Structures are given as C-alpha cells and as structure tokens.
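Report on the structure given below.
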Amino acid sequence: MNGPGDKPEESEGIGLVSPEEAKGSRADEGGPKVSVLLPTEEVAGPAAPRQASAQPTHLSLRAVDETLKEVTAGTITSLSVVVSSDRPDEGAVVLKAETVYTSTYPGEGAEWRVWWHLPGKKNREEILARKVEAELVLHPRAGLPFTFDVEAPAGVRYGDRVELRLTARWKAEDALGEGPATLRLAWAARQALLAIKTSRGYEREVADTLLARAEEKPGVIFALLVPSSLRGYVFGEGMSFEGVQEMLRGIRKARGLVSGETTLKEVEPLLVPKITVEGFVEGAIVELVAGPFKGEKARVKKIDQGKEQITVEL
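Position one of the sequence shown corresponds to residue 1 (UniProt numbering), numbered consecutively onward.
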C-alpha cells in the first residue's frame, strides 16, 4: 500500500483510490448522527459501477446476476461472470482484471481480499496484484463462467468499496482489430442491523449508555431502536459486529450481541403501531374507564379504523 506522499504504482501493489469528495479534510466532514430511532426516510444506496460503452466485438462479458453487491463487514460474497463468443471457431482469450479500492478516508481504508475461480482450476486464487490476467479458451458459441469472491474487512467504513474492471480480448493477432469486451463489478460496504441482548427492564438504560459512547466515537453505531413491545432487546445499526461488541464492553445490564445480522423484515412489526380499536365490534357492551362517565356501561355504536376512534352510547 502506498504511503501518504508516494505516487501510486501502475503495475503492481494494491493502492487506495479515494473519491473527489473525500479529498477534503476530515475535520470538515460531519460525523454520522446517532438517534434512538431507526431512520424512516430511505437513503439512496451506492450507485452501480458505470459500464464502459460497447465496442464492436465477437466477445461478450456479462454478469450472471448483478454488478453491484452491498456487503457488511467481515462477510464473503460472490459475483459471477460469463465470457462468451459468437465466432464459429475456437479461440484463446486474454482476461484482465484490475482491482480498484475506494476509501471514505484517504490512506486509512482497510484492504479487501479478492479471489477469482477460473474455469479448469480446482481452487480459487487470491488476487494480490492490482492488475492480473489469465488466458482462457473459448469454444464456438459457448459461454465460460467464472466467479469472484470478495471479503469485506472488519474495519470497513460506510461507503468503502472495491471495484473489479474486467477486460477480455482475443489473443490471436488477426483479431486485434476487434474492440475488447468490458465489464465492471463492485462491492460496497453498508451498515448491519444487530440485536443487542439486555436484562429485562434495562433496555433504555443500555441504549442511553451506548448512545453516549457512539457520540464520542462516531462511525461505529448510526442508530438505536428500543422497542417497547419486545423486552430484553435493543437494536443497533452499525458497520461491524466487532465494533458494536467493543462498545458494549463494560455497559451494565448489557448481555452481548445476538450472533449474525438481523433483517429489517424481523424488525418491521416492532415499528408499526398497533391499532387501538382492534378487538372491538359494533353493538358490543363496554365499560368506560376514564372521563366523567368512568365506570358506566355503554354500547359501541361506530368504529372508525382510520381515525382510530370509537363512538359509544350510554
């Protein structure tokens, strides 16, 4: 990795490439705000890698499923690619892969590990240099699949990403006039939703202590949720399991993290308020428990689900 004053190497070594907007001083960048509720408005996710314009060629590179994968710290995920040819004869193809890292903070990003599993190879091979290439043999009008595995480091920050810029061209000299086939794949870091165990009745106390620590050390926990309908749990949105676990150390009544990531689908029922008029039917006899008619019996005359109101008559 290059030092702060060194020029990036062209042929080997994996360097960090920072976006233009990240070139300003870290002091100018406001740290992420922490709240005790999950954000309700949608935040636009990272943009998919821009694909180069196509050029005339008999070769093609296409992603099997997607070109952008959002990942959490410490996880290994895969993206697959198919290289194919519409030529009627067999030919050798040179596949080149360039790895480009982008970090939120210049010079501080953790390195991602990248492997590729090429056709005919028994095991995957780790890509250690910034630029690598391999020779493949394409059969007439047939596709050749291969896979890239990427491990997001434990110290990854939101917005950090790794991009693979792929190029395939014919090795034969008589095909030099054809343009190469190109494709870009990207992995971008996102937050994880984690469940924190607490002693029953101490959920708010644990959350308040964790909130204070998160404000002192921004970038680890972005939001906290204390559901009133679920005792013994607090939910936190953070960048890594290890980072949140470290912040929990020494907090009274905190019992640790639930293994694995919690999905938003599991939390959604806790965010939807229960309708207060559920369980009532028109014509039913009820007892008033508040107001000037407290203790009186009344009949349910009308139920308005939208306004959550019940009209009764004595």
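Positions of the beta carbon are idealized from the N, C-alpha and C atoms, including for glycine. Please read all numbers here as calculations on a predicted model, not as lab measurements.
Enclosing beta strand (DSSP E) for residue i [first to last residue]
i    : result
D149 : G143 to E151
E66  : No beta strand (DSSP E) holds E66; DSSP gives it neither H nor E.
E237 : Y233 to G238
G256 : A254 to L257
E163 : R161 to W170
Q309 : Q309 to E313
W116 : R113 to H117
L225 : I221 to L225
Coil, strand or helix - residue i by DSSP
i           : result
A181        : strand
residue 315 : Any question about residue 315 goes unanswered here, given that the chain covers just 1 to 314.
R213        : helix
R190        : coil
R130        : coil
V81         : strand
L136        : strand
A207        : helix
K294        : coil
V300        : strand
K197        : strand
residue 328 : Outside the shown range of the chain, which is 1 to 314, sits residue 328, and nothing can be said about it.
Residues of its chain near residue i, where Cβ-Cβ distance is below 6 angstroms and the 5 sequence neighbours each way are ignored
i    : result
R190 : E70
K96  : E133 and T167
G243 : V220
E237 : Q191, L193, F222 and A223
S60  : S84 and A181
V258 : A195
A73  : A152, A154, V156, M239 and S240
L185 : T67, L79 and L164
Buried or exposed (CB count within 10 angstroms, at least 16 for buried), residue i
i    : result
L37  : The predicted model places L37 with a pLDDT of 48, which falls under 50 and marks its position as unreliable, so this point remains unresolved.
D89  : exposed
D304 : exposed
R231 : exposed
S25  : Annotation note: pLDDT 44 at S25 (below 50); position unreliable, no value reported.
E135 : exposed
A154 : exposed
V289 : exposed
V281 : exposed
T99  : buried
L210 : buried
T102 : buried
Nonlocal neighbours in the same chain, by C-beta distance under 7 angstroms from residue i, ignoring five residues either side
i    : result
F293 : L314
V137 : E90 and A92
D86  : H58 and R141
The alpha helix (DSSP H) enclosing residue i, as first and last residue numbers
i    : result
E246 : F241 to L248
E282 : Careful: E282 lies outside any alpha helix (DSSP H) and carries neither H nor E.
K265 : L264 to L271
Short Cβ contact (8 angstroms threshold) for residue i with residue j
i    : j    : result
V150 : V114 : yes
V83  : V94  : no
R299 : I310 : no
CB contact check: residue i to chain C, cutoff 8 angstroms
i    : result
L248 : Of the protein chains in the structure, only one exists, and it is not chain C.
Cutoff 8 angstroms; reference residue i; Cβ partners in own chain excluding five residues on either side
i    : result
E296 : E287, L288 and L314
G256 : I196, K197, Q245 and L248
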